[in-house]
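A.B. asks: In terms of our numbering, the sequence shown is residues 6 to 303.
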Amino acid sequence: MSEAAFRSGFVAIVGRPNVGKSTMLNKILGEKIVITSDKPQTTRNRIQGIHNVPGGQIVFIDTPGIHRAKSRLNKFMVEEALSAVQGVDVILYLVDGAADPTKETGMIKEVLAGVDAPVILVLNKIDLFPKSDLLERLLAYGDVYPFKEIIPISAQTGDGVEQVVQLVHGLLPEGPCYFPDDILTDLPERFIVAEIIREKIFRMTRDEVPYSVAVVVDSFKERPDGLVAIQATVNVERDSQKGIIIGKRGDMLKRIGMQSRQEIERLLDTKVFLELFVRVSGEWSENSRMLKEFGYSS
C-alpha cells in the first residue's frame with residue numbers, strides 16, 4: 006500500500022469582529038500567539054499560525070474582523086481581511102452562533118462573492134445558547150451559501166475545534182512543508198511583543214482608548230547575561246488618552262508594564278527589562294505616514 010500523500014496549504018479565518026477567530030486559532034495551536042479581548046477589532050493585522058498534523062501542515066491566517074470601516078486604520082483592517090480570501094486553499098467563515106443568523110446573510114454573500122476555495126462555516130459560541138436551538142441555526146445558514154460543511158464549535162472550551170482541523174486537512178492539496186515543524190508562527194518577536202502590550206491596554210482601559218493606541222517596539226536587545234531589554238512607545242491620539250494610559254502617579258502604566266513583562270518573559274523564556282513610553286501622535290489612525298510607520302500598511 007502506498008504511503009498517504011503529505012497535504013499542506015493556507016487557510017483564511019474570516020468573519021465579523023469579536024466572533025472568536027483569534028480564540029479559535031490559539032486553541033488549535035495550543036499556544037497563545039494572537040492577542041484577544043472582549044472588545045471588537047482587537048486583531049489589526051493578518052497573522053499566520055502554523056499547525057502540524059500527521060501527514061500535513063496547515064497555515065492558518067487570522068484576520069481582522071470585517072466591518073463597515075470609516076477611518077483609514079479600519080479600512081486597512083478590512084482590506085487585510087478581504088484580501089486573505091484570495092489565493093488560499095480553504096476558507097473558514099466564523100459566525101457568532103448566539104447571534105441572529107439573518108443579520109449575517111448579506112455580509113456572507115458579499116465577502117464570499119467570487120471565491121473559488123471551499124468554505125466551511127464555523128458556528129462558534131455554541132456554549133452560549135440552548136442546544137435545542139442548534140438545528141434551527143444550522144438550517145438557517147445552510148440556505149445562505151453552498152458551504153462545504155457547517156461545524157458548530159466553542160472556541161472557548163475547544164468543543165468541535167479538532168473536527169474543524171480534520172476537515173480542513175482533508176480539503177488541502179498535496180504540497181510541501183512550508184515551515185519548520187518546530188515553529189508556531191512566522192511573526193517576528195518584536196511584533197508579538199508589541200501586540201502583547203497592546204492587549205494589556207485593551208483589557209485594562211475602556212471607551213475609545215484601546216482603539217486609539219498603536220505600540221511600537223523601539224529597541225530589543227539581548228544582554229550578555231541573557232536578560233532582554235525592551236523599549237516600546239505607546240502612541241495615542243489625544244492628551245486625555247495619554248493621561249488615562251499613565252494613570253494617577255503612573256499606576257496604570259506600571260500595571261500595563263508589569264502584566265506585559267510577565268507574558269513576554271513566558272514567551273521568550275528569559276528575564277525581561279521593559280520600559281514603556283507614552284506619546285501623543287495626533288490623529289495617527291487617519292495619517293498615512295504614521296499608519297505605515299506603525300505597521301498598518303498593506
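Beta carbons: idealized from backbone N, C-alpha and C, even for Gly.
Which residues in the same chain have their Cβ closer than 8 Å to the Cβ of Met257, if we skip the five residues on either side of it in sequence?
C.D. replies: Met209, Thr210, Ile249, Ile250, Ile251
A.B. asks: Excluding the five sequence neighbours on either side, which residues of its own chain have a C-beta within less than 6 Å of the C-beta of Val95, listed in chain order?
C.D. replies: Val16, Ala122, Pro123, Val173, Leu176
A.B. asks: Run the CB neighbour count on Glu200, radius 10 Å, all protein chains shown included, and call it buried at 16 or more, exposed below.
C.D. replies: buried
A.B. asks: Give the DSSP-derived three-state secondary structure of Val149 in the structure shown.
C.D. replies: coil
A.B. asks: Could you check what DSSP says for Arg21 in three-state terms: helix, strand or coil?
C.D. replies: coil
A.B. asks: Within 10 Å of its beta-carbon, does Ser7 have 16 or more other beta-carbons around it, so buried, or fewer, so exposed?
C.D. replies: Unreliable placement is indicated for Ser7, whose pLDDT of 48 sits below 50; no coordinate value is reported for it.
A.B. asks: Return the bridge partner residues of Gly54 from the DSSP annotation.
C.D. replies: The partner list for Gly54 (beta bridge, DSSP) reads Phe65.
A.B. asks: With a threshold of 7 Å on Cβ separation, who are the neighbours of Ile155 within its own chain once the five nearest residues in sequence on each side are excluded?
C.D. replies: Leu126, Leu128, Leu143, Tyr146, Gly147
A.B. asks: Apart from the five residues on each side of it in sequence, which residues of its chain come closer than 8 Å, Cβ to Cβ, to Val83?
C.D. replies: Pro69, Ile71, His72, Ala74
A.B. asks: Please determine, among Tyr183, Glu268, Leu272, Gly54, the residue with the shortest C-alpha to C-alpha distance to Leu30.
C.D. replies: Gly54
A.B. asks: How is Arg254 classed by DSSP in three states: helix, strand or coil?
C.D. replies: helix
A.B. asks: What does DSSP give as the partner residue(s) for Asp101 in the beta ladder?
C.D. replies: Asn129
A.B. asks: Determine the DSSP secondary structure at Ala86, reduced to helix, strand or coil.
C.D. replies: helix
A.B. asks: Based on the DSSP output, what are the partners of Glu227 in its beta bridges?
C.D. replies: Val233
A.B. asks: For the beta strand (DSSP E) that contains Glu154, what are its first and last residues?
C.D. replies: 154-157
A.B. asks: What residues match up with Val285 in a beta bridge as DSSP calls it?
C.D. replies: Val241
A.B. asks: Alpha carbon to alpha carbon, what distance is there between Lys44 and Ser27?
C.D. replies: 12 Å
A.B. asks: Can you tell me the Cβ-Cβ gap for Gln161 and Asp132, rounded? I've got them flagged as a contact below 8 Å.
C.D. replies: 6 Å
A.B. asks: Comparing alpha-carbon positions, which option in Asp274, Ile269, Pro157, Ser217 lies nearest Phe134?
C.D. replies: Pro157
A.B. asks: Just verifying my parser: in three-state terms, what is the DSSP assignment at Val116?
C.D. replies: Val116: helix per DSSP, three-state reduction.
A.B. asks: Among Val90, Asp105, Gln171, which residue has its Cα nearest to the Cα of Gly60?
C.D. replies: Checking every option, the nearest Cα to that of Gly60 belongs to Gln171.
A.B. asks: For Gly14, which three-state DSSP category applies?
C.D. replies: strand
A.B. asks: Who does Leu139 pair with in a DSSP beta bridge?
C.D. replies: None, per the DSSP bridge assignment.
A.B. asks: From Thr47, Val19, Thr110, Gly102, pick the residue whose C-alpha is nearest to that of Val65; which is it?
C.D. replies: Per the sequence shown, residue 65 should be read as Phe rather than Val. Measuring from the Cα of Phe65, the nearest candidate turns out to be Val19.
A.B. asks: Beta-carbon separation of Ile202 and Ala234 under 7 Å?
C.D. replies: no
A.B. asks: By a C-beta neighbour count over all protein chains shown, 10 Å radius and 16 as the cutoff for buried, is Arg284 buried or exposed?
C.D. replies: Label assigned to Arg284: exposed.
A.B. asks: State yes or no: is the C-beta of Val220 within less than 7 Å of the C-beta of Val239?
C.D. replies: yes
A.B. asks: Go through its chain and collect everything with a Cβ distance to Gly165's Cβ below 7 Å, but skip five positions before and after it.
C.D. replies: Ile156, Pro157, Ile158, Ser159
A.B. asks: In three-state DSSP terms, what is Ala219?
C.D. replies: The three-state secondary structure of Ala219, taken from DSSP, is strand.
A.B. asks: Tell me which residue opens and which closes the alpha helix (DSSP H) that Val170 is part of.
C.D. replies: 166-176
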